[in-house]
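J.: Just dropping this structure here.
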Amino acid sequence: MLVACVGHSADLDAEIAINDILEQCREQLNHKPQAGILISSVNTDHSLILNRINEAFPGLELIGCSADGEVSTQLSFQEDSTTLVLLSSDTVEMKACVARQISEDPLQTIQYALENTLSKQDEPPKLCLTTPECLTASSGIIVEAIARGLGKGCPVFGGFAADQWTFTETFQFFGTEVLHDSVPMLLFFGPLKTSYGIASGWEPMGEKRTVTRSSASTVFEIDGSSALAFYQDLLGPHAVPSGEFPLAVYEPGGSSTYLRAPFAYDDETGSITFAGEVPEGVTVQICDTTRDDILEATRHSLETALNAYPGQQPSLGLFFSCAARKLLLGTRTSEEFERFQSALPAGVPVCGYYAYGEIGTREGGSTPRVHNETFISLVLGDK
-2 MLVACVGHSA
8 DLDAEIAIND
18 ILEQCREQLN
28 HKPQAGILIS
38 SVNTDHSLIL
48 NRINEAFPGL
58 ELIGCSADGE
68 VSTQLSFQED
78 STTLVLLSSD
88 TVEMKACVAR
98 QISEDPLQTI
108 QYALENTLSK
118 QDEPPKLCLT
128 TPECLTASSG
138 IIVEAIARGL
148 GKGCPVFGGF
158 AADQWTFTET
168 FQFFGTEVLH
178 DSVPMLLFFG
188 PLKTSYGIAS
198 GWEPMGEKRT
208 VTRSSASTVF
218 EIDGSSALAF
228 YQDLLGPHAV
238 PSGEFPLAVY
248 EPGGSSTYLR
258 APFAYDDETG
268 SITFAGEVPE
278 GVTVQICDTT
288 RDDILEATRH
298 SLETALNAYP
308 GQQPSLGLFF
318 SCAARKLLLG
328 TRTSEEFERF
338 QSALPAGVPV
348 CGYYAYGEIG
358 TREGGSTPRV
368 HNETFISLVL
378 GDK
């Protein structure tokens, strides 16, 4: 049986925070945990916290990262806090691995880390959770490398490490190590049951157009005109691209979409840089939303996950939301957690965080995608 617990502290003193968290976890978990996920703000002593966790639970298969906000059933939504998920099971095996110095060659380093771990297993993984860097390498290439290393059929979920909008240095955790430029991954093997939901709350408006010139995450032309002109034709001559108006990018040959949030723009060239790749040839539309629609998407995401869950009741609810959603929701950010928790069966622990981009596998088990401004629900168990 898969058993999960969550500890959470908003104390700024790392020693006090980890003492509180470990006490909370011990009260909930009667079994020795096999794996853990640590989510924390950038402003704490991560080494102290990781070493204390290792002292309490030697050999724990642990991953994690810094975030723009942390959420749990213990303290709801917090900033500058630390939360820890512990997992134990007598049927599901969990193994952590990490790819280091990914900026040198993300495809090779990530695939090598996965191949080294998978070669020691008798069966393919059922799930991969990841908490990667995104400031030193392309987020799209990171996710592509994970998908290649895992092969078909293994869903991938997670959120990119954040540093409270400074975009200077994020942290990733693996065992007792505090890392940069790395991709930690937690793999699940055995009779794991999972389901998920992906929703944003943004709705396309205006006509569909085609990206005619782009390079990685920078779009230069849409339908032969500058990307900036594309925005201003619809939003007005003085409008500037912002997170309130992301692009919906349509999957080739289908109607499903993923969002790309504008990150920067250049008045001279008319180019726009987004928080993720926008390939040439894709169809796009500008999107709009309201705070109510953003929050309604939270509910829709979880309901989709629960309706698809193949077991009786999940053991844990995880969610990955976007730092841009948090920025736009402002004082209503805590309502995301409230809507998420209220839809879950009583007693199911929850952990979530606000990331610099979300990772999720779309319906039908297709290749995982990088998402922006999106809420991803993931429920798991083995009942």
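In terms of our numbering, the sequence shown opens at residue -2 and continues consecutively.
By construction, the Cβ of each residue, glycine as well, lies at the ideal position given by its N, Cα and C atoms.
1) Starting from Gly146, follow the beta strand (DSSP E) in both directions and report where the run begins and ends.
2) Would you mind stating whether Ile46 and Val82 have Cβ atoms separated by less than 9 angstroms?
3) Got a sec, what are the start and stop residues for the alpha helix (DSSP H) Asp290 sits in?
4) DSSP three-state label for Arg366, please.
5) Check for me: the beta strand (DSSP E) holding Glu204 runs from which residue to which?
6) Report the rounded CA-to-CA distance for Thr88 versus Phe54, giving the unit in angstroms.
7) Could you give the DSSP three-state label for Tyr228: helix, strand or coil?
8) State the CB to CB distance for the pair Gly267 and Val208, rounded to an integer number of angstroms; the pair is presumed to be in contact (CB under 8 angstroms).
9) For a test of the three-state rule: what should DSSP assign to Pro122, helix, strand or coil?
10) Do the CB positions of Leu111 and Cys94 come within less than 9 angstroms of each other?
11) Taking the beta strand (DSSP E) that Asp17 falls in, what are its first and last residues?
12) My output table needs one value for Lys29: the three-state DSSP class, helix, strand or coil.
13) Just grab the DSSP bridge partners of Glu58 for me.
14) Quick check on Ile36: buried or exposed, where buried means 16 or more other Cβ atoms within 10 Å of its Cβ?
15) Here's the rule I'm using: 16 or more other beta-carbon atoms within 10 Å means buried, otherwise exposed. How should Met91 be labelled?
16) Whole angstroms are fine: how far does the CA of Asp220 sit from the CA of Pro342?
17) Under the three-state reduction of DSSP, which class applies to Ala110: helix, strand or coil?
18) So who's on the other strand from Arg97, going by DSSP bridges?
19) Sort out for me which residues DSSP pairs Val246 with in a bridge.
20) The alpha helix (DSSP H) that contains Leu333, what's its start and end?
T.: With the given structure in hand:
1) Translated into the one-based positions of the sequence shown, residue 146 becomes position 149. No beta strand (DSSP E) contains Gly146, which is instead part of the alpha helix (DSSP H) from Ser136 to Leu147.
2) If you number the sequence shown from 1, residue 46 lands on position 49. If you number the sequence shown from 1, residue 82 lands on position 85. For Ile46 and Val82, no; Cβs fall outside 9 angstroms.
3) Counted from its first residue, the sequence shown places residue 290 at position 293. Here the alpha helix (DSSP H) through Asp290 covers Arg288 to Ala305.
4) For the purposes of this step, residue 366 is taken as the residue at position 369 of the sequence shown. Strand, per DSSP.
5) The residue you call residue 204 lines up with position 207 of the sequence shown. It spans Glu200 to Ser212 - the beta strand (DSSP E) in which Glu204 sits, taken as one unbroken run.
6) Counting from 1 along the sequence shown, the entry for residue 88 is found at position 91. Counting from 1 along the sequence shown, the entry for residue 54 is found at position 57. If you take the alpha carbons of Thr88 and Phe54, they lie about 19 angstroms apart.
7) For the purposes of this step, residue 228 is taken as residue 231 along the sequence shown, with counting starting at 1. Three-state DSSP puts Tyr228 in a helix.
8) Looking up residue 267 in the sequence shown gives position 270. Looking up residue 208 in the sequence shown gives position 211. That pair is no contact at about 13 angstroms.
9) Taking the first residue of the sequence shown as position 1, residue 122 is located at position 125. Coil, per DSSP.
10) Looking up residue 111 in the sequence shown gives position 114. Looking up residue 94 in the sequence shown gives position 97. At the C-beta level, Leu111 and Cys94 come within 9 angstroms of one another.
11) The residue labelled residue 17 in the question sits at position 20 within the sequence shown. Note, Asp17: premise wrong, no beta strand (DSSP E); alpha helix (DSSP H) at Ala11 to Gln25.
12) Numbered from its first residue, the sequence shown carries residue 29 at position 32. Coil.
13) As a working note, residue 58 is residue 61 in the sequence shown. BP columns for Glu58 point to Ala32.
14) Taking the sequence shown and counting its residues from 1, one reaches residue 36 at position 39. Flag for Ile36 reads buried.
15) For the purposes of this step, residue 91 is taken as residue 94 along the sequence shown, with counting starting at 1. By the neighbour-count rule (16 or more Cβ atoms within 10 Å), Met91 is buried.
16) By 1-based counting over the sequence shown, the position of residue 342 is 345. By 1-based counting over the sequence shown, the position of residue 220 is 223. Straight-line Cα distance between these residues: approximately 48 angstroms.
17) Looking up residue 110 in the sequence shown gives position 113. Residue state, collapsed to three classes: helix.
18) As a first step, residue 97 must be located in the sequence shown, where it is residue number 100. In the DSSP output, where bridge partners are listed per residue, Arg97 has none listed.
19) Position 249 of the sequence shown holds residue 246. Answer is Tyr255 and Val281.
20) Start at 1 with the first residue of the sequence shown, and residue 333 comes out as number 336. A small fix is needed here, since residue 333 is Glu in this sequence, not Leu. Glu333 -> alpha helix (DSSP H) spans Ser331 to Ala340.
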